[in-house]
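UniProt numbering applies: residue 1 is where the sequence shown begins, and numbers increase by one.
Glycine included, C-beta positions come from ideal geometry on N, C-alpha and C.
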Amino acid sequence: MIASQKPYQRGASLPHSNPFQRLAGLLDGETPGLDPIVMTIGEPQHAIPAFTAEVLLENIDGFRRYPPITGSPEFRAAVAAWLDRRYDLGGMIDAEHGVLPLNGSREGLSFGAIAARDQLDKGLDHPVVILPNPFYQTYAAAAHVADAQAVLLDAVAGNGFLPDLDGLDADLLERTVAFYIASPTNPEGHVADIPYWQRLIALARKHRFFIFADECYSEIYRETPPPSILEAAKAMGGDFSNIVVLNSLSKRSNLAGLRCGFAAGDPDFLTKWARFRGLAAPQVPLPAQAVAVRAYQDEDHVIENRRLYNEKFAAAERHLNPILGPVTPEAGFFLWLDTGRWGDAVTVTRDLWRTTGVKVLPGSYLASDHTDGGNPGRNYIRVGLVAPLEKTEIALERMANWLGEKA
């Protein structure tokens, strides 16, 4: 179901509130039933790459310099080479103009919609930015700062937890400047396949809008590497026009605090965006870029990182499958659990905390309930598997016991 043919009006109830602040309010004054285990946030807790300190020390003098907004040649080349290896792009990435460093992918996601609005110049007072529902709250912030109407498309199980592209109104798409989409999806962990990407690319080129493809969970998968929108574009026999991919070292390399990511794709868009960012955006420090160069040249730490996550998903299957059925997503490090038979997401979250001490996040806090279909996260909880295996096992066992007793 397409749940967003009604765009938000300016000043309406598009949620800008932080879901973690809402969770703090929900649990304020509540006493956990057992020693607390936090399973809410997506902050990696695995070891950072062993070479990180060495590379920082070797490049410490770089902190004296103002970095170029376009990044070092070494950074752009390393990102382009990694994308080429990962997705078999045949050298299509323009390392000179088709890669930009970001202060984490969040920075690019936040301000990409402004660039899309200005570069397209569709002559609209309030252009449209489309985003999935549930969604990463930064997407909503991007619509807000671009002075755009946010239109949400419900991402539900029947659509493979992806926005349904069928039947999108042509007038809506003509007013659209940016389409935000994550694959693997957050929070559900679903993966867009090549045909899906190609349908979206065709719409973007027909109706002149930019796709901001958030691929930050691309390296945390169970068995099959998720395809990129860049692969889909290559298979179409064209270029990367209308496509901007965003990724970072936060999830791939457990370097969330380094704040180093990239945007890649449409060289014309990125060249113009770099001019604006040269006036308004913070540069990425050169030592951080040097760490990124090394990280994108090394896959051993990524393979080990993925192995550790997959151990925890195996544990989740052991504990939760007998009660909920299969719970392992294709990718990412979250469980997206339908606990509707135990109550709505808020009730389940509060009761789990009171009884087991396990802190999870209500799915309804990651979605809006102002679409035609209501809040698609109302019966789900999000559980992050970022803690060490031993602690994760304890939390999963407590959850399974509670759910089993309530069943």
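Extent of the continuous alpha helix (DSSP H) run through residue i
{"i": "P322", "result": "D300 to L324"}
{"i": "A182", "result": "Per DSSP, A182 belongs to no alpha helix (DSSP H); it is in the beta strand (DSSP E), T176 to A182."}
{"i": "W336", "result": "First-last for W336: F334 to D338, but that is the beta strand (DSSP E), not the alpha helix (DSSP H)."}
{"i": "R85", "result": "P73 to Y87"}
{"i": "V129", "result": "From DSSP, V129 is part of no alpha helix (DSSP H) but of the beta strand (DSSP E) over V128 to N133."}
{"i": "R294", "result": "L286 to Y296"}
{"i": "Q283", "result": "Per DSSP, Q283 belongs to no alpha helix (DSSP H) and is neither H nor E."}
Beta-carbon gap between residue i and residue j smaller than 8 Å
{"i": "L286", "j": "G112", "result": "no"}
{"i": "M359", "j": "P132", "result": "Here residue 359 turns out to be Lys, not Met, going by the sequence shown. Their beta carbons are not under 8 Å apart, which means K359 does not touch P132 by this criterion."}
{"i": "R350", "j": "L124", "result": "no"}
{"i": "P376", "j": "A387", "result": "no"}
{"i": "L255", "j": "A263", "result": "no"}
{"i": "G363", "j": "P227", "result": "no"}
{"i": "V99", "j": "V128", "result": "no"}
{"i": "Y309", "j": "L337", "result": "no"}
{"i": "I323", "j": "A204", "result": "no"}
{"i": "A292", "j": "L249", "result": "yes"}
{"i": "T70", "j": "A280", "result": "no"}
{"i": "V355", "j": "G33", "result": "This sequence places Thr at residue 355; Val is not what is there. Closer than 8 Å, so yes."}
{"i": "L109", "j": "L361", "result": "no"}
{"i": "G91", "j": "K234", "result": "no"}
{"i": "P67", "j": "Q283", "result": "yes"}
Whole-angstrom distance between residue j and residue i, CA atom to CA atom
{"i": "A116", "j": "A178", "result": "6 Å"}
{"i": "S241", "j": "P267", "result": "8 Å"}
{"i": "R222", "j": "G332", "result": "8 Å"}
{"i": "A295", "j": "P49", "result": "8 Å"}
{"i": "A211", "j": "C260", "result": "Checking the sequence shown, residue 211 turns out to be Ile, not Ala. So the two alpha carbons sit approximately 21 Å from each other."}
{"i": "H301", "j": "S253", "result": "7 Å"}
{"i": "G357", "j": "E30", "result": "10 Å"}
{"i": "V156", "j": "T224", "result": "22 Å"}
{"i": "H144", "j": "A150", "result": "8 Å"}
{"i": "P326", "j": "H190", "result": "14 Å"}
{"i": "G104", "j": "E405", "result": "42 Å"}
{"i": "K6", "j": "I229", "result": "Caution is warranted here: a pLDDT of 46 is assigned to K6, below 50, making its placement in the model unreliable, and the coordinate value is therefore given only provisionally. Each residue's Cα considered, the two are about 27 Å apart."}
{"i": "N18", "j": "D28", "result": "15 Å"}
{"i": "E174", "j": "L83", "result": "31 Å"}
{"i": "M399", "j": "A345", "result": "14 Å"}
Residue range of the unbroken beta strand (DSSP E) whose run includes residue i
{"i": "T347", "result": "Element bounds for T347: not the beta strand (DSSP E) but the alpha helix (DSSP H), A345 to T356."}
{"i": "F209", "result": "Element bounds for F209: n/a, residue is neither H nor E."}
{"i": "I243", "result": "I243 to S248"}
{"i": "L56", "result": "Careful: L56 lies outside any beta strand (DSSP E), inside the alpha helix (DSSP H) at T52 to E58."}
{"i": "F262", "result": "G261 to G265"}
{"i": "P101", "result": "V99 to L102"}
{"i": "Y139", "result": "It is not in any beta strand (DSSP E) - Y139 instead sits in the alpha helix (DSSP H) that spans Q137 to V145."}
{"i": "R382", "result": "Y380 to G384"}
{"i": "Q149", "result": "Q149 to D154"}
Neighbourhood of residue i by C-beta distance below 6 Å, restricted to the same chain and skipping five residues each side
{"i": "D214", "result": "A182 and L246"}
{"i": "H97", "result": "P267 and T271"}
{"i": "Y180", "result": "L131, Y139 and F212"}
{"i": "R106", "result": "T138"}
{"i": "T185", "result": "F161"}
{"i": "N401", "result": "none"}
Exposed unless 16 or more other CB atoms sit within 10 angstroms - verdict on residue i
{"i": "I201", "result": "buried"}
{"i": "D94", "result": "buried"}
{"i": "A142", "result": "buried"}
{"i": "P73", "result": "exposed"}
{"i": "S218", "result": "buried"}
{"i": "A53", "result": "exposed"}
{"i": "R341", "result": "exposed"}
{"i": "I303", "result": "exposed"}
{"i": "P329", "result": "buried"}
{"i": "K206", "result": "exposed"}
{"i": "R65", "result": "exposed"}
{"i": "F20", "result": "exposed"}
{"i": "A395", "result": "buried"}
{"i": "I114", "result": "buried"}
{"i": "E390", "result": "exposed"}
{"i": "L57", "result": "exposed"}
Close-in-space but distant-in-sequence residues of the same chain around residue i (CB under 7 Å, 5 per side omitted)
{"i": "L384", "result": "Note that residue 384 corresponds to Gly in the displayed sequence, not to Leu. Taken in chain order, the residues that qualify are M39, T40, I41, G42, F333 and F334."}
{"i": "T392", "result": "K312, A315 and L385"}
{"i": "Q119", "result": "F269 and K272"}
Near the ligand MG: residue i beta-carbon under 7 Å from a heavy atom
{"i": "T349", "result": "This structure lacks the ligand MG; in fact it carries no ligand of any kind."}
Cβ neighbours of residue i in the same chain (closer than 8 Å, five flanking residues each side left out)
{"i": "E397", "result": "H319"}
{"i": "P15", "result": "Confidence at P15 is low in this model, with a pLDDT of 49, below 50, so the placement of that residue is unreliable and no value is reported for it."}
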